[in-house]
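First the structure, in the form of structure tokens, and then the observations on it.
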Amino acid sequence: MSSKSLADELEHLKESRRQGKLSPAEFYASLLQLLAKLVSELREEQISEEDIKKQIPLILVFLEEQIDKYAERGH
0 MSSKSLADEL EHLKESRRQG KLSPAEFYAS LLQLLAKLVS ELREEQISEE
50 DIKKQIPLIL VFLEEQIDKY AERGH
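In structure tokens form, the structure reads like this:
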């Protein structure tokens, strides 16, 4: 899947949410599905060590935040 396809899908989801076509829960689930697609693509990508080092802090912040929120919800 190309980055353009992923970006287009994200824009479509955001527009659907703005128009009220998706509930917050549906939007959240759709964003997670898009994230899963992106993760699959990124695993296969050849990326420089320099770029990897730049991306790691972003991924860590996201994961830590999501795990903390998950724990706060009793899981």
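Residue numbers (numbering that gives the first Met the number 0): 0 to 74. In this text, a Cβ means the ideal position worked out from N, Cα and C, and glycines have one as well.
| said: Is the beta carbon of Leu-12 closer than 9 Å to that of Ser-39? | reply: Counting from one through the sequence shown, the residue named residue 39 turns up at place 40. Counting from one through the sequence shown, the residue named residue 12 turns up at place 13. No Cβ-Cβ contact shorter than 9 Å links Ser-39 with Leu-12.
| field | Pairwise C-alpha distance: Phe-26 and Ile-46 | value | The residue given as residue 46 occupies position 47 in the sequence shown. The residue given as residue 26 occupies position 27 in the sequence shown. Using only the alpha carbons, I get a separation of about 30 Å.
| message | So for Glu-44, helix, strand or coil by DSSP? | response | Within the sequence shown, the letter at position 45 stands for residue 44. Residue state, collapsed to three classes: coil.
| field | Arg-16 versus Leu-34 - alpha carbon distance | value | As a position in the sequence shown, residue 16 is number 17, starting the count at 1. As a position in the sequence shown, residue 34 is number 35, starting the count at 1. So the two alpha carbons sit approximately 17 Å from each other.
| request: Note down the Cα distance separating Ser-4 from Leu-41, rounded to an integer number of angstroms. | output: Here residue 4 refers to the residue found at position 5 when the sequence shown is read from its first residue. Here residue 41 refers to the residue found at position 42 when the sequence shown is read from its first residue. Whole-angstrom Cα-Cα distance: 14 Å.
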